[in-house]
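Worksheet for the structure shown next.
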Amino acid sequence: MAINRRWILAGIAGGAAAPILPAVGFGLDYPTRPVRIIVGFAPGGVPDLVGRLVGQWLSGQLGKPFVIENHAGAASNLALQDVAKTAADGYTLFEVSAANAINASLYQGANVERDIASIAGIASAAFIIVAAPSFSAQTVPALIAYAKSHPGKLNIGSSPTGTPPYLAVSLFKKMANVDAVQVPFRNSPDAVEELLAGRLDVAISDMSAIGYVKSGRLHALGVTTANRQKVVPDVPGLAEFLPGYDASTWYGLGAAKGTPPEIIKAISTAVHAALNNPKHAARLVDLGLTVTERSPAQFETFIASETKKWSEVIRAANIKPQ
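Here our numbering is used: the first residue of the sequence shown is 613, the next is one more, and so on.
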């Protein structure tokens, strides 16, 4: 499925000029000036587009501009550290992502639980495991059987070491108890290109690979979430074969630790209203995402569970930052 970034950006620009929803009164004098949302990745990618959509929606709900600032670098660590140093007044927000839960075990000083107050979970996305139609293993059980009968021979391409797709492969190897070779590339599309060229057995990709699946150039073995995904309902989740398996990328909002609870509640309530607008939810679906709304307490618990899960995978696989 191709992501129509031009359409998304046009919708964001139009929404900024004419807010979709009226401002919501919370009996709180917030915000009285523009609010920054710090995104730890470069402009144009899915994290940036999610941040811009959320900024547009919050501007409409709360009546003041929510402005995106991209502080790319160190897999979102620089952005986290920047936000942690700001005043805990709700005027600097942080787009929390799966990378932050992972980084807590890879980099010193990258501690999202310690430094960031949870505001709201927003969306998540599965990865998809794809193979050439000519590859002998065309199902997840067959892939596991192939790996067990060919230890150290199965090549699985992914994005770089320490990224969510890479760790999704590491979790698969751990839970399936197989010996396979992980081959990291600059990003998921590069891994898919190598697979199409016949230089890989299998690749794990974001949902951009669905176009190749629909055209018949690749075969989908499974998605990396516990549940099947609406965009590919016939493709099983890995948890159907490896109970408890779940690996996804996800996004939410946070702020500097110590931000007043009433401000967190106001923003969380505005996010809730936005995500329950079908038009807004459809924008996230267009990015290959699933709405996964979480309250501040639920998001805090989720981040803690993700941080613990990935720390165990990183330790077991002896993964080091590159």
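Virtual Cβ for every residue (Gly too), placed ideally from N, Cα, C.
Handout entry: Residues near proline 933 in its chain [Cβ-Cβ closer than 8 angstroms; skip 5 each side]
Key = Along the sequence shown, one-based indexing puts residue 933 at 321. Short of 8 angstroms from the beta carbon of proline 933, and not among the five residues preceding or following it, lie these beta carbons of its own chain, in chain order: Leu718, Tyr719, Thr773 and Gly774.
Practice task
For the beta strand (DSSP E) containing valine 662, list its first residue and its last residue.
Solution key: Along the sequence shown, read from residue 1 onward, the residue named residue 662 stands at position 50. Note, valine 662: premise wrong, no beta strand (DSSP E); alpha helix (DSSP H) at 658 to 674.
Exercise for the section: Return helix, strand or coil for serine 820, following the three-state DSSP convention. Expected result: Locating residue 820 in the sequence shown gives position 208, where the first residue counts as 1. In the structure shown, the three-state DSSP call for serine 820 is helix.
Handout entry: Cut-off 6 angstroms between Cβ atoms - residues of its own chain near serine 923, not counting five sequence neighbours on either side
Key = In the sequence shown, the residue the question calls residue 923 occupies position 311. Cβ neighbours of serine 923 within its own chain (closer than 6 angstroms, five residues either side excluded): Ser717.
Exercise for the section: Could you tell me the distance, in whole angstroms, from the CA atom of valine 795 to the CA atom of asparagine 767? Expected result: Counting from 1 along the sequence shown, the entry for residue 795 is found at position 183. Counting from 1 along the sequence shown, the entry for residue 767 is found at position 155. Taking the straight line joining both Cα atoms gives about 7 angstroms.
Problem - From Ala744, Ser688 and Gly764, residue whose alpha carbon lies closest to that of leucine 935 - result: Outside the shown range of the chain (613 to 934) lies residue 935, about which nothing can therefore be said.
Exercise for the section: Write down every uninterrupted run of the beta strand (DSSP E) in the region 681 to 764 whose length is 3 residues or greater and which is fully enclosed by it, in chain order. Expected result: The qualifying runs are 704 to 709, 728 to 738 and 740 to 743.
Practice task
Give the DSSP-derived three-state secondary structure of phenylalanine 784 in the structure shown.
Solution key: Stepping through the sequence shown from its first residue, residue 784 is reached at position 172. Note: phenylalanine 784 maps to helix in three-state DSSP.
Handout entry: Pairwise C-alpha distance: threonine 881 and glycine 637
Key = The residue given as residue 637 occupies position 25 in the sequence shown. The residue given as residue 881 occupies position 269 in the sequence shown. Any reading at glycine 637 is ruled out, since the residue's pLDDT is 43, under 50, leaving its predicted position unreliable.
Exercise for the section: Leaving aside the five residues before and after glutamine 910 along the sequence, list all residues of the same chain whose C-beta is less than 8 angstroms from its C-beta, in chain order. Expected result: Here residue 910 refers to the residue found at position 298 when the sequence shown is read from its first residue. Around glutamine 910: Gly733.
Problem - Cross-strand partners of valine 793 (DSSP beta bridge) - result: Stepping through the sequence shown from its first residue, residue 793 is reached at position 181. Residue pairing by DSSP places valine 793 opposite Asn767 in a beta bridge.
Handout entry: Contact under 7 angstroms by Cβ, asparagine 689 with asparagine 715
Key = On the sequence shown, residue 689 is found 77 positions in, with the first residue counted as 1. On the sequence shown, residue 715 is found 103 positions in, with the first residue counted as 1. The Cβ atoms of asparagine 689 and asparagine 715 lie closer than 7 angstroms to each other.
Handout entry: Residues bridged to arginine 648 [DSSP beta-bridge criterion]
Key = Locating residue 648 in the sequence shown gives position 36, where the first residue counts as 1. In DSSP, arginine 648 forms a bridge with Val679 and Thr704.
Problem - Neighbourhood of lysine 785 by C-beta, 7 angstroms cutoff - its chain only, sequence neighbours within 5 removed - result: Residue mapping note: residue 785 aligns to position 173 of the sequence shown, counting from 1. Only Ala792 meet the Cβ criterion.
Exercise for the section: Using a threshold of 7 angstroms, state whether the C-beta atoms of glycine 769 and alanine 815 are closer than that. Expected result: Taking the first residue of the sequence shown as 1, we reach residue 769 at position 157. Taking the first residue of the sequence shown as 1, we reach residue 815 at position 203. Yes, Cβ-Cβ distance for glycine 769 and alanine 815 is below 7 angstroms.
Practice task
Go ahead and label serine 771 buried or exposed: buried means 16 or more other beta carbons lie within 10 angstroms of its beta carbon, across all protein chains shown.
Solution key: Here the question's residue 771 lines up with position 159 in the sequence shown. Within 10 angstroms of the beta-carbon of serine 771 lie 16 or more other beta-carbons, which makes it buried.
Problem - Endpoints, beta strand (DSSP E) assigned at valine 883 - result: Here residue 883 is taken as the residue at index 271 of the sequence shown, counted from 1. Annotation for valine 883: no beta strand (DSSP E) segment contains it, though the alpha helix (DSSP H) segment containing it runs 873 to 887.
Practice task
Report all residues from its chain with a CB closer than 6 angstroms to the CB of valine 825; omit the five preceding and five following residues, and keep chain order.
Solution key: Within the sequence shown, the letter at position 213 stands for residue 825. Hits under 6 angstroms: Ala832.
Exercise for the section: Ignore the nearest five residues each way along the sequence and tell me which others in tyrosine 857's own chain have a CB closer than 6 angstroms to its CB. Expected result: Along the sequence shown, one-based indexing puts residue 857 at 245. In its chain, beyond the 5 residues on either side, Met787, Leu850 and Ala851 have a beta carbon closer than 6 angstroms to the beta carbon of tyrosine 857.
Exercise for the section: For proline 646, I'd like the list of residues in its chain whose CB is within less than 7 angstroms of its CB, leaving aside the five on either flank, ordered along the chain. Expected result: Position 34 of the sequence shown, counted from the start, is the residue given in the question as residue 646. Lys676, Pro677 and Val679, listed in sequence order.
Exercise for the section: Per DSSP, which residues does tyrosine 863 bridge with? Please list them. Expected result: As a first step, residue 863 must be located in the sequence shown, where it is residue number 251. As a beta-bridge residue in DSSP terms, tyrosine 863 pairs with Ser709 and Ala735.
Practice task
Tell me whether serine 917 sits in a helix, a strand or coil according to DSSP, three-state version.
Solution key: For the purposes of this step, residue 917 is taken as residue 305 along the sequence shown, with counting starting at 1. Serine 917: helix per DSSP, three-state reduction.
Practice task
Classify valine 903 as helix, strand or coil using the three-state DSSP reduction.
Solution key: As a position in the sequence shown, residue 903 is number 291, starting the count at 1. Of the three classes helix, strand and coil, the one that applies to valine 903 here is strand, per DSSP.
Practice task
Kindly give me the distance between the Cβ atoms of threonine 902 and serine 736, rounded to whole angstroms, as I take these residues to be in contact under 8 angstroms.
Solution key: In the sequence shown, the residue the question calls residue 902 occupies position 290. In the sequence shown, the residue the question calls residue 736 occupies position 124. Rounded to the nearest angstrom, the Cβ distance from threonine 902 to serine 736 is 6 angstroms, consistent with a contact under 8 angstroms.
Problem - leucine 783 versus aspartate 641 - alpha carbon distance - result: Position 171 of the sequence shown holds residue 783. Position 29 of the sequence shown holds residue 641. Approximately 46 angstroms between the Cα atoms of the pair.
Problem - For arginine 906 and alanine 687, the rounded distance between their alpha carbons - result: Along the sequence shown, one-based indexing puts residue 687 at 75. Along the sequence shown, one-based indexing puts residue 906 at 294. Distance between alanine 687 and arginine 906, taken at the CA atoms: about 23 angstroms.
Problem - Under the three-state DSSP convention, the category valine 843 falls into - result: Along the sequence shown, read from residue 1 onward, the residue named residue 843 stands at position 231. Assignment of valine 843 by DSSP, reduced to helix, strand and coil, places it in the coil class.
Problem - Check whether alanine 696 and aspartate 727 have beta carbons under 7 angstroms apart - result: Walking along the sequence shown from the start, residue 696 turns up at place 84. Walking along the sequence shown from the start, residue 727 turns up at place 115. For alanine 696 and aspartate 727, yes; Cβs fall inside 7 angstroms.
Problem - Bridge partner(s) assigned by DSSP for histidine 831 - result: The count along the sequence shown starts at 1 and reaches residue 831 at position 219. Beta-bridge pairing links histidine 831 to Ala743.
Practice task
Return the CA-CA distance between isoleucine 650 and valine 790, expressed in angstroms with no decimal places.
Solution key: In the sequence shown, the residue the question calls residue 650 occupies position 38. In the sequence shown, the residue the question calls residue 790 occupies position 178. Distance between the alpha carbons of isoleucine 650 and valine 790: 39 angstroms.
Practice task
Note down, in chain order, each residue of its chain lying with its Cβ closer than 6 angstroms to the Cβ of serine 748, except the 5 sequence neighbours on either side.
Solution key: The residue labelled residue 748 in the question sits at position 136 within the sequence shown. Answer for serine 748: no residue qualifies.
Problem - C-alpha gap between asparagine 930 and leucine 830, whole angstroms - result: As a working mapping, residue 930 is identified with position 318 in the sequence shown. As a working mapping, residue 830 is identified with position 218 in the sequence shown. If I take the Cα positions, the gap works out to 31 angstroms.
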